[in-house]
Structure formats: structure tokens, C-alpha cells
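Inspection log for the structure reproduced underneath, given as C-alpha cells.
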Amino acid sequence: MESGALPYLIWRSLGEDEPEAEFALRNSVLWYARVLDQEHLKEFVRLLAWYVTEGHNDITNGLYVSQAQNDSQEEMARVMRTLGALGRVEEMHGWSALGNPTSTVLRMAGKGLLATLIGYLGGTYSTNKVVPWFIYDLTPELQEVFIATLMQGDGSEYETCYDYCTTSKKLSLGLSLLLAMNGYKFSVYETTYERENWNEQYILRIYKNKDAAERYAVGDLLARVCTRRETFTYEREYEYDLSVDTALENFAGGSGLLCFHNTPFTNITMDLTPPPTLAEEPVIIGGEIQDETYGEFQPEMDLLNRAFAEIMLEGDARGRVFTFPIPTYNISRNFDWEDDALAPVWAMTARYGIPYFANFINSDMSPEDARSMCCRLRLDNRELRKRMGGLFAAAPLTGSVGVVTMNLARLGYLAQDEQDFHARLERLMEIARTSLEIKRKMLEGLTDRGLYPYSRHYLRLVKERAGSYWSNHFSTIGLNGMHEACLNMLGVGIDHPEGKAFAVRTLEFMREILTRFQHETGNLYNLEATPAEGATFRLARADRKRYPDIITSGTEEAPYYTNSTHLPVGYSDDLFEVLDHQEDLQTLYTGGTVLHIFLGEQIDDWRQARRLVRTVAENYRLPYFTLTPTFSVCPVHGYIPGEHRYCPYEHTPEQLAQFGVPVPEGA
């Protein structure tokens, strides 16, 4: 060890964080500044791109790059000399895809610390090459250097575009993100080969001109980009309408002409009018700030909302509901109930019950104060304003790092009294906090090291302002089985006044604990009515095996716990009785809840659906609710209102046989 030098691990643990420190590999005479100056950083980025395109490493050397004899060969050698990274150079034959020798190539070995780092950062072989994580944090100028060098190395140049080919799926995804960050238009194609040991190839077609064409020919017509509805004079014989009901424009079902999968799990908030946070802001079209503001685009918003509602109202080819995306509509005090442009939204509600409604009429919150996510996760942006001193424009960059659900039914069975119940619940919540804090710490560390590149990119402003990527995200604790907890501990369900009062006290207790967690950890916490879904059955089944006399809902063969603090299934057909009961409970959740208002079948008139939503929103404090009509779907006849175990319509023997229904002989 040279005088004044320390092993890296010791320096990292005990040394001062000095920018002027220098580093070298063990037994190497090549020392490098800890912080590269701008010129050396640019050359390092170039060499990294050359390596991703033409390089590999092995156990004897961290970096090899091979290049046929051309101008790029000299450029590559110059870059390596500038960085002090050029080692042994030797002539070799290249090899074609068929295994035949090609022209002579130079194989240049790297040396020193920078060459070794490149081998670690860029991947080992062609099939696992990646865009190194730190590239996303560089300036746009340096990112352009990386992209340009990739094209110089492995890009095929044409008049209007480059084709970049790779066998690494990770590289194709990482480069796609980098191109999108820098405003490139591009397409990705995947090719497969039937020959043995041939890898799939990913081709990125990258267009040189980043600006969208303003005019282009379509047959004998001249088309142009349309960014808003316009009135114009048309002198030809026919007038052509814009359409959003085509096979390619497929937001609801996913990309592609044909869909063989569930609709993508998405939740969107649909503004019906420009929100106050954006109404006076200038619109941005093609990256350019315009003179018009978002508030001037109400007709376009009406068109978009109508098109979306009509697609969702239609359902799929067999009349089945599109379960996603889940649209949330904000109901505020100035909501225009008489706007007939919203008729498709109410018709969609009456037929399928798709939309969720966020109620801000009887609330101290405004639509800008909340974000609805997943099936019921709902985040209070006011917590972020307290923490961050304001949101980042209109996007809060928030979410939840995870949800831990409390099994209240078991606690109700084990607890001796309410005090014991709360003590057991607090202990479980402490365990949940530990779990969520560990996960938050792990997420932050992995993001720092380059994992989750998309999240890392979108959360970079949070990192700059708060010091960590995930500081805007909540830790969520939820609950399940309150009805069964009441039955096991009190002998009455949540539908009984004593059970409901106990449920209210429990939620208030959990809120107090979460407030303490938030103060102690410095992280955001909230309380959610966990959907639970499969856990309602799994937890009940596990408890029945361990405690045979525990009270559950369902049957011996299929026990389950009632979701969160909901009333038991089939409790009442009187929806207003359900609303009266749930109002005090639903408003205690800080991290989201939803009340499904179950209807016997579809509402015949969309005006009735509108009237019912208005009645609920104006007379109850429920923060989040949805209408849920009952309907059936026959593979032959499609949508049928109401619950039907068997289709009430006639079927031919051929139709029955097509769907595996036995047909009696002679039928």
C-alpha cells in the first residue's frame, strides 16, 4: 500500500467525504480523480456507449471492445487513451452470425479503474447489456452523447432514422426510457428465429426529426395535426369526421388489434372541467408553450369524456364489462348536474356501475387535495403540502410503499376485553410499522443503486427537495374482518349499535397510533379499508384450522371474513339503511375506502342514475362510493340485466355444443 493510501472499504467507513480523493485498483499505478471533470466525464460516457455496443468482459479483464478497421476504431482508441484506459491491442477475426470469419478487427483491452467500472456498469455479454443507471441522472447533453455513440457503434443510418439492434431486452427497455426522456420518436420491434441457439432481437427505429409532422399526405387528402376542435370551411363533396372508435385506438383494452388478456390494471381520475390548478396555465403542445390556457379546452374535454364513456358503455365483444380502467369522477359543490354532455357517463353508471365518485360536497377537502389510486387507495395531498410546502405542479408524485392488513377477527376471538383488543392491535401495528420501514429503506437503497429506473426518473424532484425518492409515499396499514371481530368479542355484529360503536372506537384508536408512527419515523402513514380480496378467505380458513370454534362468515367449506368495516353480505336491500350505517365509519379512513351501493339490476334511465348519485353526494359525507348494478353475461346473447344463473333466452343445439353444454339426442 502506497504512503497515504487506504483500502476502499476502510476509507468509505472512516474517511472524510473529500471530493479531491483519488482512487486506483490494487497494484495499479493508474490513479483517477474521484470526481471527473466535464471533458473526462464526456469521454467516459462515450467509452461506456462503445462498450455497451461492441464490448464484453471476462475474468481476466474488465473490458474488451472490438471494432472493424474504420474511422470508429481510431475514435475508440482516442477515447481510451484520453482516459488512460487503453491496454493491449491485438488483431483478430470477427465472426458472422453463420459462424464464418469476417474481416480483421482490432480487440482493445481496457486497463485501470475506469475500464473495470465500465465492465460492471454495462453488463457482461450482448444478451444482458443495459443502460447504466447513472446515465439517467446526467445532463441532456451527456445523454445525447451516449445515444449518438450507440448509433455510431451499432446503428444503421437511413435518411430519416436509425435502426439500432440488440439481443438484450433490458437494453431495449432502458434505451426506450432514455429516448423518451430526450424527446425522440421511436418504435420497438421484436424478431424471433426458429434456428437453435439464436436469440431474439430487438430493433429500435429512432427518427432523427423530433418534431411531429404538421402536414402529411393520406391518399389524395392533405392531413394535419389537430390539437383542438376547430370550425372550418370544407369545399369538397365529402366531410370526414374524426373517430376514436377504431381498433388501433385502444386505451381501454390495451395496445394491439386483438386482445387476449384482461384489461390493464389502471385507475384514472377524469376531470370534467379544467381544474383550478391548471385552468389558467398555458397548454403545452409538442413541447412548446402555447398562448391558449387549459381552461379554453372545455369542448375537447367533453369530447374525450364522452368518447371514453361510450367505449366503456359498449363493453367487449360479448357484452362483458371492462373491469379496468376504473374512472374516478370528482363531485364538488359547483358540479353541473344538468350538463347533458355527461349523459354517457350516467348511462355507463346505470348499465355497469363502472365509475367511482369522489365526494367533495360535504367535505373540507377539494378535488386538488386527494389522489385516487388502485381500487380504493386514496391519498391526502394536504399531508404532502404540510411536509413539502406545496405540490410539484399538478402531479403530487405520491403513492404507497406497501399495505399491511390487520386480521381483526382473530384479535376479537383472542382478546378478553376491549382494552386487551387494543393492546394486541397496537402490537401488531408496531410489527407492521417495522415491516413497512424496512421495505421503505430497501426501496430507497435499491433506487439509489439504479433499480426502478422509471420511478427513479419521475421521483428525482422529490429526491432533490426531500433527500429521498420515496419520502412522498405513504406507509399504509389496513384492516379486515371487523364484523367477525364484533361477533367473536361482543356476541353481536357490526350491524348492531354496540358493534358499530366498537368499530368507530377501533378506527379512532388506529388513527392515533398512526399519527404517533408518523411523528416517530418522519414518514407518512395512513389508514386504509383494505380490499383484502383473496385474503378474506385465506385468513378465515387459516383461523378455522387453528381455532375451530372461531366465528367466521360463509360456510364450513368456504369461510370468509367481511371486508374491512362493511356490513355483512346481504344485510339489507335498503340502500339508505346501508348509507346511514356506513357514513360514520367510512369517513374515519385516511388512506382510502369505497362503499359499493348494490342495486338489484341496471337502472333503466341514465337520469335515475344521476339522481341517485346526486342524492348520495349531497346528503352523505361518504368520501368515495360507486353504484353496483347486478347483471349477467351470456356468451351468446351478451349483457342481461339482473342476476340469472341460466340465460332466459333460447339457444340452438349448435350454440350449446359450442360452449360445452350437453345436448340430448334428438334435440
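Just so we're aligned, residue 276 is where the sequence shown starts under my numbering, counting upward by one. Ideal Cβ positions, reconstructed from N, Cα and C, are used throughout, including at glycine.
Apart from the 5 residues on each side of it in sequence, Ile-606 sits with its Cβ closer than 7 angstroms to the Cβ of Phe-632, Ala-633, Asn-634, Phe-635, Ile-636, Ala-892 in its chain, given in chain order.
Ranked by Cα distance from Leu-413, the first of Val-853, Pro-843, Leu-453 is Leu-453. The straight-line gap separating the alpha-carbon atoms of Val-678 and Tyr-899 is approximately 19 angstroms. Each of Thr-506, Leu-388, Thr-538, Met-456 was checked against the Cα of Ser-730, and the nearest Cα belongs to Met-456. For the segment 835 to 879, the continuous beta strand (DSSP E) assignments of 3+ residues that do not extend past its boundaries occur at 870 to 874, in sequence order.
Where Cys-436 is concerned, there is no enclosing alpha helix (DSSP H), although the beta strand (DSSP E) around it starts and stops at 436 to 441.
When Lys-483, Trp-881, Leu-902, Gln-861 are compared, the shortest CA-CA separation from Ile-629 is found for Leu-902. Counting every other CB atom within 10 Å of its CB across the protein chains shown gives Tyr-459 a total of 16 or more, marking it as buried. Take Glu-432, set aside five residues on each side of it, and the residues of its chain with a beta-carbon closer than 8 angstroms to its own are Met-426, in chain order.
Segment contact: the segment 308 to 325 against the segment 410 to 424, three or more CB-CB distances shorter than 8 angstroms; contact assigned.
Ser-401 places its beta carbon less than 8 angstroms from that of Ser-443. Checking the DSSP bridge columns, you'll see Pro-602 partnered with Ile-543.
DSSP places Leu-897 outside both helix and strand once states are collapsed to three, so it counts as coil. Residue ranges of uninterrupted alpha helix (DSSP H) with 4 or more members, entirely inside the segment 556 to 622 and ordered along the chain, are 573 to 589. Under the three-state reduction of DSSP, His-748 is assigned to strand. Thr-328 is a Cβ neighbour of Asp-429, given a cutoff of 8 angstroms. The alpha-carbon separation between Thr-830 and Ala-690 amounts to approximately 24 angstroms.
For Ile-788, the uninterrupted alpha helix (DSSP H) run begins and ends at 772 to 796, by DSSP. For Pro-916, the uninterrupted beta strand (DSSP E) segment begins and ends at 913 to 916. Of the candidates Gly-875, Glu-808, Arg-821, Glu-808 places its Cα closest to the Cα of Thr-837. Note on geometry: alpha-carbon atoms of Val-676 and Ser-638 lie some 27 angstroms from one another.
Pro-415 and Arg-504 have their C-alpha atoms spaced approximately 34 angstroms apart.
Pairing Leu-686 with Arg-699, the inter-Cα distance amounts to about 7 angstroms. Residue Leu-734 holds the alpha-carbon nearest to the alpha-carbon of Leu-672 among Trp-881, Gln-694, Leu-734. Secondary structure note for Phe-934: it is in no beta strand (DSSP E), with a DSSP letter that is neither H nor E. Just so you know, the alpha carbons of Ala-584 and Ile-543 end up roughly 13 angstroms apart. For Thr-466, the enclosing beta strand (DSSP E) begins and ends at 461 to 466.
When secondary structure is reduced to three states using DSSP, Cys-909 falls in the strand class. Residue state for Arg-480 is assigned as strand, using DSSP reduced to three classes. Its chain contains His-758, Gly-768, Asp-770, Ser-828, Thr-837 as the residues whose beta carbon lies nearer than 7 angstroms to that of Pro-843, once the 5 sequence neighbours on both sides are disregarded; these appear in chain order.
Put simply, the segment 583 to 602 does not touch the segment 552 to 565. Fewer than three CB pairs are less than 8 angstroms apart. Taking C-beta separations shorter than 6 angstroms and ignoring five residues to either side along the sequence, the partners of Gly-753 in its chain run Val-678, Thr-680, Glu-803, Thr-805, following chain order. DSSP places Ser-638 in the coil class of the three-state scheme, outside both helix and strand.
Within the DSSP bridge table, the entry for Asn-682 names Asn-755 as partners. Ser-710 has its alpha-carbon roughly 48 angstroms from the corresponding atom of Arg-882. Between the segment 604 to 623 and the segment 858 to 869, the count of C-beta pairs closer than 8 angstroms stays below three; the two stretches do not touch.
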